[in-house]
Every structure is written in C-alpha cells, then in structure tokens.
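Have a look at the structure below, then the notes.
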Amino acid sequence: MSEEKKTHKWEMVIDLDRCTGCEACVVACHAENNVRISGEDEAAQGRAINWIRIERYWEGEYPDVRTRFMPVLCQHCDDAPCEPVCPVYASYHTPEGLNAQVYNRCIGVRYCGNNCPYTARQFNWFDPHWDEPLAEQLNPDVTVRQNGIMEKCTFCVQRIRQGKERAEKEGRPVRDGDITPACVQTCPTSALVFGDRRDPDSRVSKLARQDRAFHLLESVGTHPAVTYLKRLT
Amino acid sequence: MNVKRRTLLKTAALATVGSVMPGCRQHVDHLIPYLLPDDEIIPGVDDWYASVCNECVARCGVLVRTREGRAKKLEGNPDHPVNHGKLCVKGQASLQSLYNPDRLRHPFQREGPRGEGTFIPLEWEEGLRRCTQAFQNISEPPMMVTRPVSGTLARLLSDFMDSIGGRLYFYAPDAELPLHAAWHESMGSDASPFYDLAHADYLLSFGAPFLEHWLSPVAMGIAFGHMRQGRTTVRGRYIHIEPRMSVTAVNADQWIPIRPGTEGMLALGIGQLILDTPLSALAGKVLDRFRGFYGTVRLDEVESATGVARDVIARLAHDFASARAPLAIGGGAACSHTNGTISLIAINGLNALVTSMGRESVARGLRQDETRLERSIPWLTEQMVFELVEKQKEVDARPALLLYGCNPLFTMPPSVPIKALFERASFVVSFGSFLDESSEYADLLLPDRDMLESWGDHVAESTTQTIGLSQPVVTPLYDTKQIGDTILDLSRRLDLGYVQAPTFYDLLRERWKTFLADKPHDETADWFESAWIASLQQGGWWQGPSRRALPVNFAPSREFEQAVFFGEEHEYPFVLHPYPSMALGHGEGANRPWLQELPDTLTTVVWGSCVEVNPKTARDLGIAQGDVVRVTSPFGSLTASVVLFPGIRPDVVAMPLGQGHASYGRYAKNRGVNPAELLAPALDTVTGTLAAGATRVRIEQTGLKGRLAMLERPTVEESNLITIKPH
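Those protein sequences? They're chains A and B, same order as listed.
So the first sequence is numbered by our numbering: it starts at 3 and just counts up by one.
So the second sequence is numbered by our numbering: it starts at -5 and just counts up by one.
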C-alpha cells in the first residue's frame, strides 16, 4: 500500500435537520477533553471554555418566530487562518487534516484566536482548578491546559489514535465508524457524523456530497473540514 | 467460579492489563508497579464496565471507562435497546455525582435543632443502632418516600415497609402521572404508553418536552433523528403546540403559541373536525364514543379559548387525519394544569380516533410481560400530602419518615404542606448521598453509595422487555453503604425475618437466579455463574422480539373541563410557566458543575436563574434585558434578571426550575431562585399532582441591573485581572 493511501482525512458532517440542541455533545466533550470548569465569574466575563457550543439564532418576531441551532466547533480548516499567524508553530496542520495545537509550544499571544473567524479558539486566563476529588475523573490521555495557553477542539485526537492503534493491533484497516470523537459518540439523533473523507464510501463522504451541504462562512475561503447539512424548514 | 462483590471491587481497584472488553473482569493479571513499569504494561489500557444510568427513570445502559480503578467517562451501551450507545447531558455528567466534593462521606446525626443542618459524624454501627432503636420505640407505622425504583430494590423496600407495618411512597416531580392516568382512559389499557416516533410521518406535540426530559429522552432523540432523516423518501412533519417555545419546540416545523391550559380544548376541536369528515362516516358506530367526548365544545369556543385561528385548527385536523402514520403526544406544559389528565385524554384520544378509522397507530401500549411490583406502590402526590397532614393532625400521629433519592422540600411548592410532614415526623432518616433541603431535616443521615459503586437492577420501559444490571465499577470512595445493605442490616437488627440474604448483592443474585432459570440456558451445574457473568458483561437482560401492542379502546370516564388559574387576572396579568431546566431538571442536577456551566440552549444563561419575557411585553413594561424584576404571585415573590425571549406568548412569563437551592453543596447553594416558591397549591383534578402551570403572577421593576452570565454576548464586566486605577 502506498503511503498516500494510508493517510486519512478526518472530517465531520453536522446534519442540522437532526440536531435538536440537546447539548449532550457539549458535556461529553468536557468529560473527554478535561475542559476546565470556569465558574460563574469567568463565564460572566466571557471566559468560559467550550470546545463545542450550540449557537442559537432567533429569526423573525413573535408569533412567526423561528430558531436555528448551529453546533460550532473548530472547523479544522484546510486553509486555517490560525496557522500562519502563530509565531511559534503551536498551531499547525497534521498530515491527516487536523488543525492541531501544540500546547507546550504555545506562548499565549492569542493571534490565532484573533484570526479564527469561528471563535473556536479559547484562551486560558487562569490555571484550571477542580475541587477534590473531581480531578479523579480527568482523562489521562489528554493534557490539562494551564494559564496562558490557547486551546480548542482536537477532533478527539486521542480517540483517533486509539482507533488506529486498535486497528493496527488487529491487523486490519480502520473501518468507517471505528473512530468517533466524544461528541459524535453521544449524539442521540446522530446529527454528528465523523469519518475519513478520503474513503468515498464512508458515511461522512456520502453525507458531505448531499445537496444540503454547506460550510460555515464559505466566502472566507478557509475550506473547513466540517460540513453542515441544511435544516429543511 | 465465585465472583464475590469484594473480588470484583478489588479487581476494579487494581489496574490490570487486559482487553477493552466491556463487562465484569474476573481475574487480576498484573498490578502496575508504580515505580518501575513492567515492560508488558501498555500504559493507557482501559477497562470498560457495563452498568445503568441513574439519572432518570429511562434507565439507559452505559459503559463506564475506568483506568487505574477510577471512572473516567460514561458512554452509552451500544447494545442496549433503550439508548443504543447514546447518552444525554445528565448521563454524561453523572460522573460528577460520584466525584462530587460535597458527597456525604459517612453517617451523620443531627446536632442542633431540626432543619438547621448541623450534623456530627457517626460510625455506621452507631448509626444503624440508633435507627433500629428509633423504629423500636415508635408505635406508629413509619412512612418511606423514595424516588421511583424498580427491580430488586423496589421489592426489598416494599417488603421492609410491609414487615414493619409502614407505607412506601414514590415521589418524583416529573412522574408524569397525568399521562399514565390519561392513557388508561384514552387507550383503554393499563399498559405503559409507547410512542413510536421513528415511524411517524406527522407529529402533533402538545407541550411534550420529548427531546429534553420526557419519558425516555435519549430514545426519543434517536427516534426523532430517524423520523427526520432516517428514511429515504419520508421526512416526518412536526407541529408543536405550547405557550413557550421549548428546546423541543424549536425543532418543530411550526410552533403554535397556544393560551396556557387550553391544549385539551384544541385537541377537542381537532377531533371534532376529523369526526366531521366523510372518512369518519365510513367508520360508523365505532366513533360514537368519540363523538360524545369531542362534541362537547363548539368550534368557535375552541377558537376564542385557545387563541388558535379556525383555519389553523382545520389544517391541523386535515393534516393529522390524512397522514399515513399520525401521532399526537401530550405532556409537560399541557399536563401541568388543573385539567391536565383530561387534556391528555383528549390528546391521546386523537391517536385512538385515527386507529378506529382504520389507520395503523404509532401510539401503542406496551403489554407488561409480568406483574411489576412498583406499579402498585402509591405516589406521594401533592394532594396526598394535604391528606396525610390532615389525617396526622386529626389523630395526632407522628410517624417516622424515611427518605431516599428525592428532595420534596425543594421540588414541592411551600404552599403544599410538605414541610409539616417533615416537622411532624418523630424521626427522619435520609439515605441520600447529598445534604439537600430535605435531608437537612433528617435526624440521621445514612448515605447511600453512588450508582457507580453499587449493585442493582432496573427495569426500563422499552419495546423489548429490558432489565438493566448495574455493578460497582470503582472501589467505594467513602465510608458509605448501599441502601439495600442498610435496609437488610436494619431488618436483621429488628428481627423482621422476611429475607435471608446477608447482602444486597446476594439478594440480587438470588432473584436473578430465579429470573434466569425460566430463560433458555445450558444445563451445566454452574449455569448460573456463566449466565450471571454474561448478564453483567452485557449490562442486563433484554429480549429480542418486540412486545405486542394492545388494541385501543377509547373509554373516557369523564367530561372535558376547563383549566383553573390562581390569582385574579387584573392583579396578576401573566401566567407563570415554570419549566424543568434541560440540564438541572427540577434541581437534581444543580450540584454538577458541568451542568451549571452548560448554557441553556435558548437563553444561553449559565450558573443562574432568569425570567423569560416576550420583547413586546418588556417594551410595554419598560424592561430591558438584564433588568432585575420582582415576580409576585398570590403565594410568594422573588427577584430575577430578565431575558428577552422572542418565543413566548406576551401574556406568559417563563422561569426555569432547578436553581434556588438553600443547600445541596457548593455549586448549587445560594444560586438563583426557585420558581416553585411562587406556585399555588393547584392540583390536577384526576391524579392530584401539582398543576405547576396554574399560577398567575405580576412583574415589577426593581430599578436594579442584575448579573446574567451568558454564553451569548456576555456582559463585559470589569476584569479581575487588571485593575484600572483612576487618575
């Protein structure tokens, strides 16, 4: 097998016709990725950290009011505006299409956050704190981010690695559906789908080819790895 | 092989090299030498255990990821027939119950006056001795109030209370008793309601918050995804009828803001119009009973009462009757009125109506495969509280009160004399894991273990017969005792003799041995051991084929009635719409920081309370976003910040439930307000449960700006990092 064939291109599809705004993805992400508990004060100052959030848009006026939900996470752009501005290469693109953040390179200049059109990057203004024994729950596969570090969604890179290692141990290629980030794993309506875009038969590839597909702020030209499917009403 | 509870706990406590096989580990391979890691040890190998989620009555199956004896994450059990691998916010956050810093770590006894919340620690032996003594000294039969439980624990609690001559009650603020009562009349069976959402092509929901916290929200979410996008040619349409646009309602194709309490009226109107169609004439006499019930109101009355235009009603009726698989569901706001059950009879009756017209119904009753004990246990409704207090006062009774898994002093409004029930009790013992408003009234705290430290079995409502099995996945963190073991110990001390099992684990195994003996199994001598291990690994027992639905029989025993509201309209112009917060529920989630920090999907408020007001109403009253207003009902008054909410009727104001705790740990205490304090003691006329939507309020400016922590456009407060000094 050639080297080219071996690599994956991880992408996500979010079906807005399925998303109900239940936010199970948000808590699953906090649990999986050791996202800090910010507390009321930091939240009031807009410093709470969510790698994935449900944006809610009101349209129209009562009684003809409509609401739309949009789960927004790091779009893992192919042409990511956050990458070229990092002076220390903390923000870089992996060969598998992930927009990675190397925490121990990050010096906290926040240029990346400034340049991200999706507000997907969040800065740690404080050291995280967990009242004992809440820290027992922390995922040993994920670094805890300290004060002065920029952080964001990783597509659960640790779960991608685990999935690939498991497949390798069993001597088989990674199958579609083997790897799910925590948000995708828990999504009750299966609005979130994750997979290898290089595999034309993967669910994510099939869904991304649908007529309803669009990208967030397409005109910015970031070429995101997250494809949204339009809600039908 | 005899896998004792201790062995299993040890296994869980010691990190082992093993596979990622879900289930119960049976042997220890290696210990991790903490200083010099063995070459064989692959760091980062997890153990997964199957168990059951404890957060609501849906009882989803979970797999718990553990590492070095600590639980790290909960994920849905993919094989489980209820949740198919998925979990909701509450399920995901239940780890913060296990590791909550405010858990009770050992028994306590009250020190100061009752209700003050001062306790001193106690040894278990002493605690159990005191509890036994209290029961021996009291001549009156005690009462126990518990969250709804099933399986072995339900049997044990019931037998225990029977043998000491006491009474066991279930209590849950979200018990949906009107739904069950209505189902009995509109479908003519005692079966559990089951709505096959996945296969509906037209869904008419009257206030049912099925994507948030109603019946089995994860199962409903899965079904909803299927209804919308799971079929190649059909996308189910969904109309939601409710005075406020809930998170569930937002997902509808159309939201109809109906006047509160008139949901049943609208159903009557729709039913009437369906009965007037030529199609119904073909059905003939079968429909006479429907005509008797649905014909009791005139259409113009429906139109003026509900505020829904005639042509909208006509369209709803037409679409419902002409759909291939129509489904009407009602709950939440629709049943939180004095006519709640009757409204639901009218709503569920629409399903019976189309079924009688020859349509295949997607609203089905689930036949019970066996008699379930927990169905015969009475509920502590608000009406029951009134009656009990009355009766106790009459004969000057002061029974002991046992409390488990519920917090009625917080969830019931103060206008219901629940406090009197606590104050009158000669002795209060709480088995809860946390100190909350109710357990602060206890004389003795005998804390239960967390679900992830406990054995148990739980019946789930599903199309297949499903019994989940929960097992300890971590070594118990503290000196706590599973309630089953506490009850068994007390029974022995009181010499009750109704049960022989030394521990709850033994009792559970005994019952499962009897249960599995009827099922197909191998005929070896130790068949049970392997069947038991298999059940633990699977996370319980469930059957393949679907349960048969029951034929419908519409038999309403009463006529339609109108909702009654408390408070005069000229003095209290708004109807208060209290709704359980999606994350915090009725307050049980308030001590989990993940849930406190989870933005409410619609208001995006975190860590606090708010009052939702229509922007037009706010304009009329001169109120802006973030203003603190005083909300006053005939029964109470409180203040909260305003959130302008476009999806609510101008004559209704909404408040989320869940905050306003005076106890319940550091994350919950003294945060926000509890709208239950405003509620009138209004009761559903059939079931006697609280009609939470039947209170009128007025709102007044206080002139203050409040603090609203929100995800959307957070108020920019002065930073606490930089201090700006004035020149």
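We put the CB at the ideal spot given by N, CA and C, even for glycine.
Because the structure is a prediction, the values reported are computed rather than measured.
| request: Under the assumption that B:Q223 contacts A:D17 (Cβ atoms under 8 Å), give the Cβ distance between them as a whole number of angstroms. | output: Here residue 223 of chain B corresponds to residue number 229 of the second sequence, with the count starting at 1. Here residue 17 of chain A corresponds to residue number 15 of the first sequence, with the count starting at 1. Sure, about 6 Å apart at Cβ, within 8 Å.
| Using a beta-carbon distance below 8 Å, is A:S40 in contact with chain B? | Translated into positions along the first sequence, residue 40 of chain A becomes position 38. It does: the Cβ of A:S40 has a partner Cβ on chain B nearer than 8 Å.
| query | chain A partners of B:V600, CB-CB under 8 Å? | reply | Stepping through the second sequence from its first residue, residue 600 of chain B is reached at position 606. Correct list: E42, A45 and A50.
| In the segment 108 to 142 of chain A, which residues sit with their C-beta less than 7 Å from some C-beta in chain B, listed in chain order? | W127, D133, E134, P135, L136, E138, Q139, N141 and P142
| How would you write the range of the beta strand (DSSP E) that B:P649 sits in, first residue to last? | Here residue 649 of chain B refers to the residue found at position 655 when the second sequence is read from its first residue. In the sequence on display, residue 649 of chain B carries Met and not Pro. Its beta strand (DSSP E) spans residues V646 to L651.
| task | State the DSSP-derived secondary structure class of B:R222, mapped to helix, strand or coil. | result | Locating residue 222 of chain B in the second sequence gives position 228, where the first residue counts as 1. Reduced to three states, the DSSP call for B:R222 is helix.
| message | For B:E134, which residues in the same chain have their Cβ closer than 6 Å to its Cβ, ignoring the five residues on either side in sequence? | response | Within the second sequence, numbered from 1, the residue matching residue 134 of chain B stands at position 140. Only A391 and P393 meet the Cβ criterion.
| the segment 65 to 94 of chain A: which residues have C-beta closer than 9 Å to a C-beta of chain B, in chain order? | P65, V67, R68, T69, R70 and F71
| request: Determine the burial state of B:T597: buried for a count of at least 16 other Cβ atoms within 10 Å of its Cβ, exposed for fewer. | output: Indexing the second sequence from 1 puts residue 597 of chain B at position 603. With 16 or more Cβ atoms within 10 Å of its Cβ, B:T597 is classed as buried.
| message | Between A:T224 and chain B, is the shortest Cβ-Cβ distance under 8 Å, so that the two count as touching? | response | Counting from one through the first sequence, the residue named residue 224 of chain A turns up at place 222. No, no contact with chain B.
| Helix, strand or coil: which one does DSSP assign to B:Q606? | Counting from one through the second sequence, the residue named residue 606 of chain B turns up at place 612. Inspection of the sequence shows that residue 606 of chain B is occupied by Glu rather than by Gln. Of the three classes helix, strand and coil, the one that applies to B:E606 here is strand, per DSSP.
| Roughly how many whole angstroms lie between the Cα atoms of B:L438 and A:W127? | Locating residue 438 of chain B in the second sequence gives position 444, where the first residue counts as 1. Locating residue 127 of chain A in the first sequence gives position 125, where the first residue counts as 1. In a straight line, the C-alpha of B:L438 is about 44 Å away from that of A:W127.
| Rounded straight-line distance, which links the Cα of B:L81 to that of B:A454 | Position 460 of the second sequence, counted from the first residue, corresponds to residue 454 of chain B. Position 87 of the second sequence, counted from the first residue, corresponds to residue 81 of chain B. Distance between the alpha carbons of B:A454 and B:L81 is about 15 Å.
| request: Give the straight-line distance between the Cα atoms of B:S316 and B:V241, rounded to the nearest whole angstrom. | output: Within the second sequence, the letter at position 322 stands for residue 316 of chain B. Within the second sequence, the letter at position 247 stands for residue 241 of chain B. Between B:S316 and B:V241, the C-alpha separation is close to 28 Å.
| request: Decide yes or no for the touch test of the segment 410 to 429 of chain B against the segment 90 to 102 of chain B: beta carbon pairs closer than 8 Å, at least 3 of them. | output: yes
| field | For B:V39, three-class secondary structure by DSSP | value | On the second sequence, residue 39 of chain B is found 45 positions in, with the first residue counted as 1. B:V39 falls in the coil class under three-state DSSP.
| request: Locate the alpha helix (DSSP H) running through B:I264, then write down its first and last residues. | output: What you label residue 264 of chain B is simply residue 270 of the second sequence in a count that begins at 1. Note, B:I264: alpha helix (DSSP H), E257 to L269.
| query | For the segment 182 to 190 of chain A against the segment 148 to 165 of chain A, are there 3 or more C-beta pairs whose distance is under 8 Å? | reply | yes
| Cβ neighbour criterion (16 or more within 10 Å) applied to B:N401 | By 1-based counting over the second sequence, the position of residue 401 of chain B is 407. B:N401 comes out buried.
| request: Could you tell me whether any Cβ in chain B is nearer than 8 Å to the Cβ of A:V195? | output: One-based indexing of the first sequence puts residue 195 of chain A at position 193. By this cut-off, A:V195 is not an interface position.
| Beta-ladder partner(s) of B:D621, from DSSP | The count along the second sequence starts at 1 and reaches residue 621 of chain B at position 627. In DSSP, B:D621 forms a bridge with B:K699.
| Hey, out of B:S180, B:S631 and B:G182, whose CA is closest to B:N668's CA? | Locating residue 668 of chain B in the second sequence gives position 674, where the first residue counts as 1. It is B:S631.
| message | What does the Cβ neighbour count give for B:H452, buried or exposed, with the cut at 16 atoms within 10 Å? | response | For this step, residue 452 of chain B is matched to residue 458 along the second sequence. Classification for B:H452: buried.
| With distances taken between CB atoms, is the gap from B:L321 to B:N345 smaller than 8 Å? | Within the second sequence, numbered from 1, the residue matching residue 321 of chain B stands at position 327. Within the second sequence, numbered from 1, the residue matching residue 345 of chain B stands at position 351. It is a contact, given that the beta carbons lie within the stated cut-off.
| request: Would you mind sorting A:Q160 into buried or exposed? The rule is 16 or more other CB atoms within 10 Å of its CB. | output: Taking the first residue of the first sequence as 1, we reach residue 160 of chain A at position 158. A:Q160 is buried by the Cβ-count criterion.
| task | Check the Cβ of A:L234 against every Cβ in chain B and list those closer than 7 Å, keeping chain order. | result | Taking the first residue of the first sequence as 1, we reach residue 234 of chain A at position 232. R229, listed in chain order.
| said: Assuming the contact rule is C-beta atoms closer than 8 Å, B:A185 and B:G359 should be a hit. Round their C-beta distance to whole Å, please. | reply: Position 191 of the second sequence, counted from the start, is the residue given in the question as residue 185 of chain B. Position 365 of the second sequence, counted from the start, is the residue given in the question as residue 359 of chain B. Between B:G359 and B:A185 the Cβ distance is about 3 Å, and since that is below 8 Å, they are a contact.
| Close beta carbons around B:G160, own chain, < 7 Å, minus the five adjacent residues each side | Numbered from 1 along the second sequence, position 166 holds the residue referred to as residue 160 of chain B. Cβ neighbours of B:G160 beyond the five flanking positions: P135, P136, M137 and M138.
| query | In chain order, which beta strand (DSSP E) runs of at least 3 residues are fully inside the segment 379 to 403 of chain B? | reply | 395 to 398
| request: Output yes or no for whether 8 Å exceeds the beta carbon distance between B:H207 and B:C50. | output: Position 213 of the second sequence holds residue 207 of chain B. Position 56 of the second sequence holds residue 50 of chain B. Going by C-beta atoms, B:H207 is nearer than 8 Å to B:C50.
| task | Pick out the complete alpha helix (DSSP H) segments inside the segment 399 to 471 of chain B, 4 residues or longer, and give them in chain order. | result | 402 to 405 and 412 to 418
| Quick one: is B:R238 buried, meaning 16 or more other Cβ sit within 10 Å of its Cβ, or exposed? | Numbered from its first residue, the second sequence carries residue 238 of chain B at position 244. That one is buried.
| Just how far apart, CA to CA, sit A:C24 and A:I54? | Taking the first sequence and counting its residues from 1, one reaches residue 24 of chain A at position 22. Taking the first sequence and counting its residues from 1, one reaches residue 54 of chain A at position 52. If I take the Cα positions, the gap works out to 13 Å.
| message | To the nearest angstrom, how far is the alpha carbon of B:T375 from that of B:L698? | response | Numbered from 1 along the second sequence, position 381 holds the residue referred to as residue 375 of chain B. Numbered from 1 along the second sequence, position 704 holds the residue referred to as residue 698 of chain B. Spanning the two alpha carbons is a distance of roughly 38 Å.
| query | CA-CA distance, A:R58 and B:E606? | reply | Counting from 1 along the first sequence, the entry for residue 58 of chain A is found at position 56. Counting from 1 along the second sequence, the entry for residue 606 of chain B is found at position 612. Approximately 16 Å between the Cα atoms of the pair.
| said: Tell me the rounded alpha-carbon separation between A:D201 and A:E98. | reply: Translated into the one-based positions of the first sequence, residue 201 of chain A becomes position 199. Translated into the one-based positions of the first sequence, residue 98 of chain A becomes position 96. So the alpha carbons of these two residues sit roughly 13 Å apart.
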